[in-house]
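Top to bottom, those sequences are chains A and B. For the first sequence, the residue numbers in numbering that gives the first Met the number 0 are 0 to 791. For the second sequence, the residue numbers in numbering that gives the first Met the number 0 are 0 to 791. In what follows, a structure is listed as structure tokens, so that the remarks can point back to it.
2 protein chains.
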Amino acid sequence: MASIIAENPLKLDELQKLDAYWRACNYLAVGMIYLKENPLLREPLRPEHIKKRLLGHWGSSPGLSFSYIHLNRLINKYDLDAIFIAGPGHGAPGVLGPVYLEGTYSEIYPNKNEDEEGMRLFFREFSFPGGIGSHCTPEMPGSIHEGGELGYSISHAFGAAFDNPDLLVAVVVGDGEAETAALAASWHSNKFLNPVRDGAVLPILHLNGYKINNPTVLARVSHDELTRLFEGYGWTPYFVEGGDPETMHQAMAATLEHCVLEIRRIQQEARSGSAVTRPRWPMIVLRSPKGWTGPKTVDGHKIEGFWRSHQVPLAGVARNPEHLAMLEEWMRSYEPEKLFDSDGRLVPELKALAPVGSRRMSANPHANGGLLRKALKMPDFREYAAEVPKPGASESENTRPLGRLLRDVLCLNPGNFRVFGPDETTSNKLDDMYEASKKMWLADYLPEDADGGELSPDGRVMEVLSEHTLEGWLEGYLLTGRHGFFSTYEAFVHVIDSMFNQFAKWLDIANDIPWRAPVSSLNLLITSTVWRQDHNGFTHQDPGFLDLVVNKSPDVTRIYLPPDVNTLLCVADHCLKSTYNVNVIVSDKQKHLQYLNMDAAIMHCIKGIGIWDWASNDQGYEPDVVMVGCGDIPTKEALAAVVLLREHFPALKIRFINVVDLFKLQPASEHPHGLNDRDFDSLFTLDRPIIFNFHGYPWLIHRLAYRRTNHKNLHVRGYKEKGNINTPLELAIENEIDRFSLAIDVINRVPGLLVAGAHVKEQLRDMQIECSRYAYEHGVDKPEFADWRWPQ
Amino acid sequence: MASIIAENPLKLDELQKLDAYWRACNYLAVGMIYLKENPLLREPLRPEHIKKRLLGHWGSSPGLSFSYIHLNRLINKYDLDAIFIAGPGHGAPGVLGPVYLEGTYSEIYPNKNEDEEGMRLFFREFSFPGGIGSHCTPEMPGSIHEGGELGYSISHAFGAAFDNPDLLVAVVVGDGEAETAALAASWHSNKFLNPVRDGAVLPILHLNGYKINNPTVLARVSHDELTRLFEGYGWTPYFVEGGDPETMHQAMAATLEHCVLEIRRIQQEARSGSAVTRPRWPMIVLRSPKGWTGPKTVDGHKIEGFWRSHQVPLAGVARNPEHLAMLEEWMRSYEPEKLFDSDGRLVPELKALAPVGSRRMSANPHANGGLLRKALKMPDFREYAAEVPKPGASESENTRPLGRLLRDVLCLNPGNFRVFGPDETTSNKLDDMYEASKKMWLADYLPEDADGGELSPDGRVMEVLSEHTLEGWLEGYLLTGRHGFFSTYEAFVHVIDSMFNQFAKWLDIANDIPWRAPVSSLNLLITSTVWRQDHNGFTHQDPGFLDLVVNKSPDVTRIYLPPDVNTLLCVADHCLKSTYNVNVIVSDKQKHLQYLNMDAAIMHCIKGIGIWDWASNDQGYEPDVVMVGCGDIPTKEALAAVVLLREHFPALKIRFINVVDLFKLQPASEHPHGLNDRDFDSLFTLDRPIIFNFHGYPWLIHRLAYRRTNHKNLHVRGYKEKGNINTPLELAIENEIDRFSLAIDVINRVPGLLVAGAHVKEQLRDMQIECSRYAYEHGVDKPEFADWRWPQ
């Protein structure tokens, strides 16, 4: 039941100190937005003290610092191990303030000392070129969530809490953010958190009331609806509502303490040994005025408690004496002279309110997870190898052995590794994992779950049909120092395009921050790919995620397209051991031809690209044509084209190249994995036609290789957005990545072959038509093509 | 209050007929999945009657047809104007069945007659190469929602209902789909629907219980939680729960009728003239077994009511005689001999149950919205022109006049046009629109809203902080024959990447379907762009959406980068009048230089690309270098580079090109807007260096132009993922799209300039450094650069 806690737990002295501390936070927030000089208002405010551009968000800042310092009180009282996530991360002034006051900021950035000059620089560099951003960026100690793009605070918080039984993750959710799709779904995360083994998440929904220019939905529904909504989501909401600081301090102190104790009670009960059930975790709804304690009205317009306080409430202060006076009055209302001593330090009696050392939320090592990161214990991936006595002779489901590897990684690393996927682990043939760990489930159970449900409150395979929630959990899990693996359908990885973008940006920046320790890579298996959507059709055909990945920082991005079981194992092993990357692995789940035994696979993956001698007949000579396969099915079709060509043109010298590491194609100057031009030219020749059969949209290859010497002879085939319900070969034909189209390409491109090959082309076209005819008649591919093998 | 309606409204005869009709639907659904011959089971089932590949989803099909035919009953009883949206669109057999039975399918696809041979073809072509897909694809009459990617059913439904006061949009939401982020947010759409002017949305949450391999969250929380959740979302949920068909028919009939009457009551009350308030609309929670009426157990495993019934419950029927017998028994359990006459037609007494003509949900013109589409009444866009007496002499906010145009489009087209944006209409300087139409808001109001709230229940500007919900509303609005405009922050348009992908696929297919009438284009203004994220920094810098757009069908995709007010107006006018496109317009909201008066802008936009003579000095000659600007800020910097170069090298012949229509760069064979090679070559020369200053990631230009004659001399500058809190010029410098870098590029690339230019390069580098120094010191750009003008 929702209820407001009635007691007033703060004694007058404590109340006054807490409020003073909060005033210090608010003072700093205003200072950051406005001042470049005169940080302590030692002299009357003059235009030259004001920054030329006023940038920053005041609106949510006071509520953020209010929450932060009330958490501080309980950290001290109960020795809590807690971190703070600011959903409205653009309210960074409300977090930077307390972070600076508790000293962490000065420890990390020594020129921002806790003194007047340090404060001046701290103000000046906020949202300033060459300074720090106006969000909770990676540069902010204690931050694992920037909040630049909204929606991921709750899922990040749960990711941080998983397998951290003693951690409390306090997360302020903005009511603007709460309207986003990602956030709306993530409230259900409480069905996936085990109170015995995992820590706790305490959401504080901050009903500020407004976004940039609009009221928020949740602030404009009835109290009853709001209560029901969160009860329906499985939480117990407690309301802290009002604008009077004194009353609000008492209410927040009482409510927060009640929640902390309730969390302890839930955990103790769950950990006492009885069966694990889903608790109704507490949460707080903090309804406070937007721009709280700021100017009430400016130029006749309501500011405090309205959207007009979202960013900079007083504009043009440097040119408007009235506004300048209001700013000074506003800042002085916090009584800085009582808060800071003559050196500009927070006075000792306030300083004493903050936790110390790593109990400070800004210095908690969980928020700099690399510090806590333990390397994964890895089994020897070679033990999962597929037997491949001869290349191209047999088929396997490529992902299944990977599932066994992941199973054993789960076994070896309890509490340090999780696997994520939207209801598709079995569909993606990774279900051997369930031998080691079931699917985490803490909603209701039914008897039939015993037969194939694979559910358990102790599971560490995380499945829910929200890619957003999964990605957010994984990011939170990684940033707090653990390891993970995410598999998802290729077409629908676009659902989290923007999350990938933002996470890649976070890693790119974090990577360059000396005090941040490296975190594990985000490993993303893209499967159920475009070429095998036999019954899902056009909506499930979209290999375009790679086009997005290549735009992000080369320090972060890696793309692998292993063509078979052993190369996939080898790539996965490498990715699981890496840090600071987003590793994208593309591998279909259906049965595919196997090419390389494990030794060959290792050699091939180390190079990332290479000639397959067994498929080439140019030994010692410059080839007539270079045939390239990149991806499982494109490689098979390219090989089949080679066979067709050899049959008709035995003297034709074909070099066969397979690409596993896509960035090998980019110049070494553009990506750390890029081949230098000499190596590229020696593989791809200076002037011979290259027929490149690619898994994705063909233009991506041109985008990577356009500066290469032989680019003018590079002809790429790939998915061209042509598809419906097709058999595998028919889909290949529609997009011209099939063996026949490729062989025809070669005939068209190799000088001298065109005339001799005219008749062959006709034959190949007939075969192509016959394939389509057969598929349309029988609904399956002709067995001789479906079961095609490399000649032994 | 949640409650189950207790009465049994169906008389025995009606009940029996309804159930028979449902059996016919289920029979067809099974037939579609399994049979290629013997559709009416005239003879015992033999392996050769079975399709070689069994593809399709049985699990949700019975619940879908159950809902469909109960709606039919009320359409007849109350003469409802209704359409049907199947969230779990992969349960297409459950929709195709009733669509076929009511005759629409045969009308549209005459070879699928309502007779035995028609049924055989109907079965055979389901999920079959060359046939129709296994989702509610565009080929399905009555469908405006494919459901291939999950999450958008509710938002599509609301989009369809807006401004259609007499329309009832029934929408089945899958409980798998309900876990997605997009769906979770979209329940709040009820705060944005006006009961007077808009139609009604009736959600039927289908608690099937399972996804592919997992239980669903909403099926595994308590009844109480579920009730509270939807009450919290503002709905009144009614439960229809069980597995016994007879009881369920009675419960569904009673509940659905109650809901329809409740909707009527709400609408009548709202339309009686009193003030509009937000009603608590009814919704239904239909909890029925997954794979309802299918095999109970197979090989000892539970099938009906478990995840195992998700796709094809009986596998390998052609090879497994026991399974074949079970299939026959299953199909015969529907008693086809009582349902279909000797010709294979539905017996007349059942046929009579379906609505007729356009009252059939499959033939309702709202679901083929192009039929109802009225062209927009457009003001003359030239009347909103900015005065541009001379190029490059003055600055304006580029989007503001567009806001005025949109204002007047709103005025001229009440009920036929809406504008969408996530809380950013004012921020994007489009707020003049509010003079014509406020922001739709039907949550609570506060007194302060009167001063700048711009809220109204009658508004047609739609703002909520969920890009997913907005995009879904817009798609639903367009597909039912209306017009719209969406503006959003550039970096966060990635939030709806996957929705764009899916919608582009829908348009691509729909475009080729003769019976679908053209719908209006989806117009997407991308603003608050990468180059002006002065205080938001790195997270807000991402121009990569275009890289996604170019992968979709050239029949659908259009990209425009108008550099100033008049070109933006001209482009917007064109886009608003177009059909079947996704028009992406990139234009920043800040003040930018103005280049073209309206006449020049029209000429320029018609060509889409062209030489700006006033900025060129190669008249009549082959230039030494071609300088290209594409986008507002890149164009300004490129022009400034021209001025720098002329100062130092007055004899240097520079041709200046501006690109508005990005696809002009692609060969004509690849995109209908593409320039032929002759025209391209005459613009870009055969061999002169081209310095191309681009708005987005630079590689995109290479991807479009790699086959052009002079590609080897094409040097593209663009965003390279380098940014933080920067002034505009400093950000340009970081990414080398600034005037100095471009001028240095020219010196490096034009033969003969390198030696003479060494000193100039040094000067330019000094100026660059001075710019950065100034920005770091003052927080703003040096006025001489910030206020730069083309020399007059």
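Glycine included, each C-beta is placed from N, C-alpha and C at the ideal position.
Beta bridge counterpart(s) of Glu240 (chain A) as assigned by DSSP: Bridge partners of Glu240 (chain A): A:Arg286.
Is Gly701 (chain B) helix, strand or coil when you go by DSSP? The displayed chain sequence assigns His, not Gly, to residue 701 (chain B). The answer is helix: DSSP assigns His701 (chain B) an H, G or I state.
Is there a Cβ of chain A sitting closer than 8 Å to that of Gly420 (chain B), yes or no? No - not a single Cβ of chain A is within 8 Å of the one on Gly420 (chain B).
Keeping to the same chain, check which residues put their C-beta closer than 6 Å to that of Glu261 (chain A); ignore five residues upstream and five downstream. The beta carbon of Glu261 (chain A) lies closer than 6 Å to those of Pro281 in the same chain, with the five residues before and after it left out.
For Lys376 (chain B), which option in B:Asp780, B:Asn415, B:Leu661, B:Arg706 has the closest C-alpha, if you only look at C-alpha atoms? Closest in C-alpha terms to Lys376 (chain B), from the list B:Asp780, B:Asn415, B:Leu661, B:Arg706, comes B:Asn415.
Sheet register partners of Lys716 (chain A) (DSSP bridge): A quick correction: the sequence has Arg, not Lys, at residue 716 (chain A). DSSP, once it has assigned bridges, lists A:Asn692 as partnering Arg716 (chain A).
With a threshold of 8 Å, are at least 3 pairs of Cβ atoms found where one atom belongs to the segment 52-63 of chain B and the other to the segment 518-537 of chain A? Touching, yes.
Does the beta carbon of Leu54 (chain B) sit closer than 8 Å to a beta carbon anywhere in chain A? Leu54 (chain B) counts as touching chain A.
Taking the C-alpha atoms as reference points, what is the distance between Leu651 (chain A) and Glu394 (chain A)? Answer to the nearest angstrom: the Cα atoms are 28 Å apart.
Within 8 Å, strictly: CB atoms of Gly695 (chain A) and Tyr718 (chain A): It is a contact, given that the beta carbons lie within the stated cut-off.
Would Ser126 (chain B) count as contacting chain A if we go by Cβ distances under 8 Å? Yes - at least one Cβ of chain A is within 8 Å of the one on Ser126 (chain B).
Which one or two residues does DSSP pair with Thr136 (chain A) in a beta bridge? In the DSSP output, where bridge partners are listed per residue, Thr136 (chain A) has none listed.
For Lys438 (chain A), I'd like the list of residues in its chain whose CB is within less than 6 Å of its CB, leaving aside the five on either flank, ordered along the chain. Within the same chain, Lys438 (chain A) has close Cβ partners Glu453, Leu454, Gly458, Val460, Glu462.
Since Gly132 (chain B) and Leu149 (chain B) should fall inside the 8 Å C-beta cutoff, what is the C-beta to C-beta distance between them, to a whole number of angstroms? Separation of the CB atoms of Gly132 (chain B) and Leu149 (chain B) is rounded to 15 Å, and the pair is thereby denied contact status at 8 Å.
Using the Cα positions of Ser615 (chain A) and Arg654 (chain A), report the straight-line distance between them to the nearest angstrom. The straight-line gap separating the alpha-carbon atoms of Ser615 (chain A) and Arg654 (chain A) is approximately 5 Å.
List, in order along the chain, the chain B residues whose C-beta lies closer than 7 Å to that of Ala184 (chain A)? Residues of chain B passing the Cβ test: Glu178, Thr179, Ala180, Ala183.
Along the segment 532-549 of chain B, what residues have a CB closer than 8 Å to any CB found in chain A? Correct list: Asp533, His534, Asn535, Gly536, Phe537, Thr538, His539, Asp541, Gly543, Asp546, Leu547, Val549.
Does the beta carbon of Ala252 (chain A) sit closer than 8 Å to a beta carbon anywhere in chain B? Not an interface residue.
Label Gly231 (chain A) either buried or exposed according to how many other C-beta atoms from any shown protein chain fall within 10 Å of its C-beta, with 16 as the threshold for buried. With 16 or more other Cβ atoms from the protein chains shown falling within 10 Å of its own Cβ, Gly231 (chain A) counts as buried.
Assuming Pro666 (chain B) contacts Asp676 (chain B) under a Cβ cut-off of 8 Å, what Cβ separation, rounded to an integer in Å, is found between them? Confirmed, about 7 Å.
Arg270 (chain A) (DSSP reduced to helix, strand or coil): If DSSP states are grouped into helix, strand and coil, Arg270 (chain A) belongs with coil.
Using a beta-carbon distance cut-off of less than 9 Å, what residues from the segment 449-467 of chain A approach chain B? Along the segment 449-467 of chain A, going in chain order, the ones with a CB nearer than 9 Å to a CB of chain B are Asp450, Gly451, Gly452, Glu453, Leu454, Glu462, Val463, Leu464, Ser465, Glu466, His467.
Give the DSSP-derived three-state secondary structure of Pro513 (chain B) in the structure shown. In this structure, Pro513 (chain B) counts as coil in the three-state DSSP scheme.
If Phe380 (chain A) and Cys569 (chain A) are in contact, beta carbons under 8 Å, what's the gap, nearest whole angstrom? Yes, Phe380 (chain A) and Cys569 (chain A) are in contact; Cβ-Cβ is about 7 Å, under 8 Å.
Ends of the beta strand (DSSP E) at Leu523 (chain B)? Run containing Leu523 (chain B): 521-526, per the beta strand (DSSP E) assignment.
Assuming Phe683 (chain B) contacts Gly673 (chain B) (C-beta within less than 8 Å), just tell me the rounded distance between them. Between the beta-carbon of Phe683 (chain B) and that of Gly673 (chain B) there is about 13 Å, and that puts the pair past the 8 Å contact cut.
With 16 other Cβ atoms within 10 Å as the buried cut-off, status of Ala821 (chain B): With chain B covering 0 to 791 only, the question about residue 821 (chain B) has no answer from this structure.
Cutoff 8 Å: Leu664 (chain B) Cβ touching any chain A Cβ: Answer no: the Cβ-Cβ gap between Leu664 (chain B) and chain A never drops below 8 Å.
CA-to-CA distance, Tyr705 (chain A) to Thr235 (chain A), given in whole angstroms: Rounded to whole angstroms, Thr235 (chain A) and Tyr705 (chain A) show a C-alpha spacing of 58 Å.
With burial defined as no fewer than 16 other Cβ atoms inside 10 Å of the residue's Cβ, what is the status of Leu11 (chain B): buried or exposed? That one is exposed.
Which residues in chain B sit within 9 Å of Gln791 (chain A), going by Cβ to Cβ distance? Residues of chain B passing the Cβ test: none, with the nearest at roughly 28 Å.
Any Cβ of chain B within less than 8 Å of the Cβ of His187 (chain A)? Closer than 8 Å to some Cβ of chain B, the Cβ of His187 (chain A) qualifies, so yes.
Contacts that Lys301 (chain B) makes with chain A (C-beta to C-beta distance below 8 Å): Listed along chain A, the residues sitting closer than 8 Å to Lys301 (chain B) by beta-carbon distance are Glu447, Asp450.
In chain A, which residues lie with their C-beta within 9 Å of the C-beta of Leu225 (chain B)? Per Cβ cutoff of 9 Å: Gly231.
Limits of the beta strand (DSSP E) - the one that Leu592 (chain B) falls within: In the DSSP assignment, Leu592 (chain B) falls within the beta strand (DSSP E) that extends over 590-592.
Three or more beta-carbon pairs under 8 Å between the segment 59-79 of chain B and the segment 335-347 of chain B, yes or no? Contact fails between the segment 59-79 of chain B and the segment 335-347 of chain B, because fewer than three Cβ pairs, one in each stretch, are under 8 Å apart.
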